[in-house]
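If you read the sequence shown in this note's numbering, its first letter stands for residue 2, the second for the next number, and so on. Even glycine gets a Cβ: it sits at the ideal position worked out from N, Cα and C.
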Amino acid sequence: MNWFKVALIAIPLAISSAASFAQDFPKGPVKIIVPFPPGGPTDTVGRLLAQKLQESWGQTVVLDYKPGAGTTIGVDFVAKSNPDGLTIGMVNSSLAVNPTLRKKLPYDTLKDVAGITQLFNMQLAIVAQPDAPYNNLKELIEYAKKNPGKLNYGTPGAGSTTHLGAELLKREAGFDMQHIAMKGSAPAHTELMGGRLDLVVDPFLSIFPYVQAGRMKLIATMGEKRVAGHDYPTVAETLPGFNVGALLGFIAPAGTPKQVLQKIQTDTNKALASPEVQKRAQEYGLQVVGSRPEQFDAFIGSEMKRWGRIVTEAKIEQE
Numbered sequence: 002m003n004w005f006k007v008a009l010i011a012i013p014l015a016i017s018s019a020a021s022f023a024q025d026f027p028k029g030p031v032k033i034i035v036p037f038p039p040g041g042p043t044d045t046v047g048r049l050l051a052q053k054l055q056e057s058w059g060q061t062v063v064l065d066y067k068p069g070a071g072t073t074i075g076v077d078f079v080a081k082s083n084p085d086g087l088t089i090g091m092v093n094s095s096l097a098v099n100p101t102l103r104k105k106l107p108y109d110t111l112k113d114v115a116g117i118t119q120l121f122n123m124q125l126a127i128v129a130q131p132d133a134p135y136n137n138l139k140e141l142i143e144y145a146k147k148n149p150g151k152l153n154y155g156t157p158g159a160g161s162t163t164h165l166g167a168e169l170l171k172r173e174a175g176f177d178m179q180h181i182a183m184k185g186s187a188p189a190h191t192e193l194m195g196g197r198l199d200l201v202v203d204p205f206l207s208i209f210p211y212v213q214a215g216r217m218k219l220i221a222t223m224g225e226k227r228v229a230g231h232d233y234p235t236v237a238e239t240l241p242g243f244n245v246g247a248l249l250g251f252i253a254p255a256g257t258p259k260q261v262l263q264k265i266q267t268d269t270n271k272a273l274a275s276p277e278v279q280k281r282a283q284e285y286g287l288q289v290v291g292s293r294p295e296q297f298d299a300f301i302g303s304e305m306k307r308w309g310r311i312v313t314e315a316k317i318e319q320e
């Protein structure tokens, strides 16, 4: 039997083996690596999705938090994990921002990780202390211009989408405020409610419970349109054309079999379509996406170009 005949036999066997592996996936516990601190805006939806996947797969699915270095620690862990689908990562827009913002990354975003699916589009929001002397964006801009150097704002971390969005807002509106980088959303909320921060920029799903409870005042959301089901004004209503949002998605190590990526994506889409997840998404202003692996890869590539342009034009540097 010559090498050509061997190859002809081997190819369908390999395809059959990969398909069988995907069909039986997963054969063990699955870890979802979360590169943000616990208690942040991803906790509720992350745990809910893990629960739904666990029910679907009949295997333990746990969230494993590996925060730090603007999500690069967690993403690097995923990139260097065994490409068998048993270790996946939850990522946000920092995946697309870091290649421009950070001079050295321990991984190549386009080569070392593979997209599984974009879970959600996230709206960002600007919130203030309840007794702040401004109630909307126009009043905030006027106050900042009359009181230069007085305002500060917090975000979950330097180089986060919230940080970049706020810096873009400062540039477009022509005012200044000092950035205070916190180690996650929860510390930023605590500092705002304790009176040590004037403003916080964070995902809408993270701050909404505090706004509902009257512990924060929502100044504006940063997306193109108002959050579905809510009547909060957008930045674009004051500054036409302004549109900053964030993504939340799943990735896997590069080299993970395509059939496995598709299996995870298909089962994740079923979880996203569940009434519980749909209800929570609407409450928190999340737009469910559920893209295919190749679509998410393409989107990450386009987001890298977009955020790279914003970082360069706004002259934002890593803190």
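Give a yes or no on whether the C-beta atoms belonging to P131 and D203 are separated by under 8 Å. no
For A174 and K146, the rounded distance between their alpha carbons: The straight-line gap separating the alpha-carbon atoms of K146 and A174 is approximately 10 Å.
What did DSSP end up calling L49 once you bin it into helix, strand or coil? In the structure shown, L49 sits in a helix (DSSP, three-state: H, G or I).
Limits of the alpha helix (DSSP H) - the one that I142 falls within: 138 to 147
Identity of the residue in A299, N153, N136 nearest I252 by Cα: A299
Just reading off the beta strand (DSSP E) that E64 is part of, what are its end residues? Before going on, a small fix: residue 64 reads as Leu here, not Glu. It spans 62 to 66 - the beta strand (DSSP E) in which L64 sits, taken as one unbroken run.
Contacts around A237, its chain only, beta-carbon distance under 7 Å, and the 5 residues preceding and following it disregarded: E225, F243, N244
Would you kindly work out how many angstroms separate the C-alpha atoms of T257 and L141, rounded to a whole number? 48 Å
Is the beta carbon of I317 less than 8 Å from the beta carbon of L165? Going by C-beta atoms, I317 is nearer than 8 Å to L165.
For the beta strand (DSSP E) holding N93, just list the boundary residues, first then last. That run of the beta strand (DSSP E) goes 88 to 93.
The alpha helix (DSSP H) with M305 in it runs from where to where? 294 to 314
Just verifying my parser: in three-state terms, what is the DSSP assignment at M178? coil
I believe P27 touches V92 by the beta-carbon criterion, under 8 Å. Please report the beta-carbon distance rounded to the nearest angstrom. 20 Å between Cβ atoms; not a contact.
When we look at the beta-carbon of K280 and count the other beta-carbons within 10 Å, is it buried (16 or more) or exposed? exposed
Are the CB atoms of A133 and G155 within a distance shorter than 8 Å? no
Inspect the beta-carbon positions of F121 and Q266 and report whether they are closer than 8 Å. no
From the DSSP secondary-structure annotation, give me the bridge partner or partners of Q260. According to DSSP, Q260 bridges with nothing at all.
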